[in-house]
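Enquirer: A single structure is presented below for examination.
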Ligand code: GAL
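Numbering (this note's numbering), first residue to last: 26 to 658.
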């Protein structure tokens, strides 16, 4: 597979006379892809039903003349103002019951049937016109589903669609009452039309109600996306992608991914570090101009799973962004390092966002490869360097890992719905375990929760997966490697009730979680062999082998052969010991890495990425600050 570079471009932002110069410069830089179109609805359809394709035809032609390929985005994240006059109730409604205003983007309601019909019209018109255009070579649906917290809408349209969804799922109000446990607080319904959305209740709504609403909201994203992919496929043979985000878990990306050919994501490492990654102030200071050393890689591996092997970076941070609380300038070298790290994890393409910094509107302060005056910004030269390096080494190869980590969107919704201890999160628990594996120098594959075969891996982790699926349970039963589950794994039934017999109910492991407690961050539970559990600990009763014990005598990690259950959230010291023990048992070679240095083996090369602001010595080589080093295997 040839790896390629690209850029996001907005021809509608610039005078037409500039397009040729821009295209020539993109080609000279060594770019292959140009993503366009995803916000240009008012330019494509200035008035309802009156299309203007002339400018887009010419923009695509100009790019094509310079040998560039186009990713064409459908503009459905930015419905024009006239659309609101036609469908005043298509605006999404927030949790407090307020309609979202016009004047930015993503103001639509996924459940609004009239808006869906409008989307079908514009996507059909685009697909008919460009579906076989020789310059267009890929599609992007919409833009960043869920961005700006837009998955869940509390509107009349969502209420009606949710009632339908519930009626299909439960068939009768009685079945729903039983599944949700509505006898509690006399919440029984006698008609699906009595059921509202789980907002504006006096105190917390029934968690089973919330979970069904979250599943419904996720399904709405999936069907909204499918509406577009079905139309595009009728008219076009080109692959279809969507651009996902970092640490956004509002909908089931595996389910959306099943209708797409390529998963892509938008990687803004510096914004994410400040805004999203839970870390100490010291960690955030150290990596402020480089980004977290594991956050990008985690998403690369996650989206490789979502894309069933095919994935891209659709938007790569080039300089300061505009949306985080603070927006640092990347260290020289990072725009190159981030791209190479993506390629080492199997990305087919990396596209920088954006070509030229816009001098107007919301993102004026967001860097591009060019400054607003068209002078090259620092990332321009770095992108050129990557293009040259890629030309010299087009094959990077991907590679299977020994270790795998199960990541499940519904589990993130589950613990958001019922954290029990503030901030208990499947995402961040999984991320910590991912980081632990990477610190040992391991490649990691992410697996969806319905994985039916684990035999390719020596070590599998499934922390906090709220309900083990039947295929995964069967796979675990047949599994010959080491599995580490818990805390909170298999702690809920599919109806979001506590199972009896009590969890984790794992085959061969005669242990139950008798009770659980959550603790404030400054109250650790010390372990006898060092390190702590923190935040969450379970009291485990039963007959399994006790592999780790707390200083107070309570079992912390219990085992039956190679199946282990962890009764709490380990700190890094405890986690490293547990992972090291598992690797030794499986004969997995580890390479414990210095802080901020990360390693990735591909089928052809070993890559080292130095996320530190200072050079690092490792294995006889000095890797400069923000440097990448590779050797052929
Ligand atoms: C992404 C989005 C882009 C742009 C970018 C700025 O979330 O897809 O359109 O807004 O952020 O960093």
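Even for Gly, the Cβ is constructed at its ideal location relative to N, Cα and C.
For the alpha helix (DSSP H) that residue 204 lies in, which residues bound it at each end?
Expert: Counting along the chain, the alpha helix (DSSP H) containing residue 204 begins and ends at 198-205.
Enquirer: Let me confirm a value: residue 407 is counted as buried when at least 16 other C-beta atoms fall within 10 Å, else exposed. Which label applies?
Expert: With 16 or more Cβ atoms within 10 Å of its Cβ, residue 407 is classed as buried.
Enquirer: Considering only the beta carbon of each residue, do residue 342 and residue 295 sit closer than 8 Å?
Expert: Contact flag set, yes.
Enquirer: Can you determine whether any heavy atom of ligand 1 sits closer than 7 Å to the C-beta of residue 391, and answer yes or no?
Expert: Under cutoff, so the answer is yes.
Enquirer: Can you grab the Cα-Cα spacing for the pair residue 182 / residue 614, in whole Å?
Expert: Near 54 Å, if we compare the C-alpha coordinates of residue 614 and residue 182.
Enquirer: On the three-state DSSP scale, how would you describe residue 441?
Expert: Note: residue 441 maps to helix in three-state DSSP.
Enquirer: Any idea what DSSP makes of residue 39, helix, strand or coil?
Expert: In this structure, residue 39 counts as coil in the three-state DSSP scheme.
Enquirer: What alpha helix (DSSP H) runs, 4 residues minimum, are completely inside the stretch 392-436?
Expert: Entirely contained in the stretch 392-436, the alpha helix (DSSP H) runs reaching 4 residues are, in chain order, 403-417.
Enquirer: Within 10 angstroms of its Cβ, does residue 400 collect 16 or more other Cβ (buried), or is it exposed?
Expert: Classification of residue 400: exposed, given that the 10 Å Cβ count is below 16.
Enquirer: Could you give the C-beta distance for residue 48 and residue 97, rounded to a whole number, given that I count them as a contact under 8 Å?
Expert: Incorrect: roughly 16 Å between the Cβ atoms, too far for contact.
Enquirer: Counting pairs of beta carbons, one from the stretch 500-507 and one from the stretch 581-601, are three or more of them closer than 8 Å?
Expert: The stretch 500-507 is in contact with the stretch 581-601.
Enquirer: Compute the Euclidean distance between the alpha carbons of residue 545 and residue 363, then round it to the nearest angstrom.
Expert: Their Cα atoms are separated by approximately 35 Å.
Enquirer: Could you tell me the distance, in whole angstroms, from the CA atom of residue 281 to the CA atom of residue 569?
Expert: Going by the C-alpha atoms only, they are around 40 Å apart.
Enquirer: Sorted by chain position, which residues of the same chain lie with C-beta nearer than 7 Å to residue 300's C-beta, five sequence neighbours on each side aside?
Expert: 349, 350.
Enquirer: On a Cα-Cα basis, can you pick out the residue from 36, 68, 66 that is closest to residue 382?
Expert: Considering only alpha carbons, the answer is 36.
Enquirer: Considering only heavy atoms of ligand 3, does any lie closer than 7 Å to the CB of residue 580?
Expert: With respect to small molecules bound, the structure shown includes ligand 1 and not ligand 3.
Enquirer: Measuring straight from C-alpha to C-alpha, what distance separates residue 469 and residue 430?
Expert: Roughly 7 Å separates the two Cα atoms.
Enquirer: According to the neighbour-count rule (16 or more other Cβ atoms, all chains shown, within 10 Å of its Cβ), is residue 452 buried or exposed?
Expert: Result: buried.
Enquirer: Just how far apart, CA to CA, sit residue 576 and residue 548?
Expert: Rounded to whole angstroms, residue 576 to residue 548 spans 14 Å at the Cα level.
Enquirer: Pull up the distance between the alpha-carbon of residue 651 and that of residue 212, whole angstroms please.
Expert: If I take the Cα positions, the gap works out to 57 Å.
Enquirer: By Cβ distance below 7 Å, which residues in the same chain neighbour residue 660 in space, the five residues on each side in sequence not counted?
Expert: Beyond the ends of the chain as shown, which are 26 and 658, falls residue 660; an answer cannot be given.
Enquirer: Under 7 Å: does the beta carbon of residue 297 sit that close to some heavy atom of ligand 1?
Expert: Because no heavy atom of ligand 1 lies under 7 Å away, the Cβ of residue 297 does not count as near it: no.
Enquirer: What residue range is occupied by the uninterrupted alpha helix (DSSP H) comprising residue 220?
Expert: Segment: none, residue 220 is in no alpha helix (DSSP H) and carries neither H nor E.
Enquirer: Assuming residue 600 and residue 583 form a contact by the criterion Cβ under 8 Å, report the distance between their Cβ atoms to the nearest whole angstrom.
Expert: In fact, because the Cβ distance is near 16 Å, the residues do not count as touching under 8 Å.
Enquirer: May I ask whether a heavy atom of ligand 1 can be found less than 7 Å away from the beta carbon of residue 320?
Expert: No, the Cβ of residue 320 stays beyond 7 Å of every heavy atom of ligand 1.
Enquirer: Decide if the stretch 357-371 is in contact with the stretch 75-93; the criterion is three or more beta carbon pairs, one per stretch, under 8 Å apart.
Expert: With a cut-off of 8 Å, the stretch 75-93 and the stretch 357-371 do not count as touching, because too few Cβ pairs lie within range.
Enquirer: What does DSSP give as the partner residue(s) for residue 619 in the beta ladder?
Expert: The partner list for residue 619 (beta bridge, DSSP) is empty, contrary to what the question assumes.
Enquirer: Taking 7 Å as the cut-off, is the C-beta of residue 376 nearer than that to any heavy atom in ligand 1?
Expert: Result no, Cβ not under 7 Å from ligand 1.
Enquirer: One question on the structure: do residue 278 and residue 329 come within less than 8 Å of each other, judged by their Cβ atoms?
Expert: No.
Enquirer: Suppose you measure from the CA of residue 444 to the CA of residue 92; what does that come to, to the nearest Å?
Expert: Looking at the two C-alpha atoms, the distance is approximately 52 Å.
Enquirer: Where does residue 268 sit, in a helix, a strand or coil, going by DSSP?
Expert: In this structure, residue 268 counts as strand in the three-state DSSP scheme.
Enquirer: Give me the residue from 129, 222, 273 with the minimum Cα distance to residue 171.
Expert: Considering only alpha carbons, the answer is 273.
Enquirer: Based on DSSP bridge pairs, tell me the residues matched to residue 648.
Expert: According to DSSP, residue 648 bridges with 641.
Enquirer: Taking 8 Å as the threshold, find out whether the stretch 261-270 comes into contact with the stretch 416-429 through three or more Cβ pairs.
Expert: Not touching, per the Cβ criterion.
Enquirer: By Cβ distance below 7 Å, which residues in the same chain neighbour residue 44 in space, the five residues on each side in sequence not counted?
Expert: Cβ within range, chain order: 36, 84, 87.
Enquirer: Quick check on DSSP: helix, strand or coil for residue 168?
Expert: If DSSP states are grouped into helix, strand and coil, residue 168 belongs with coil.
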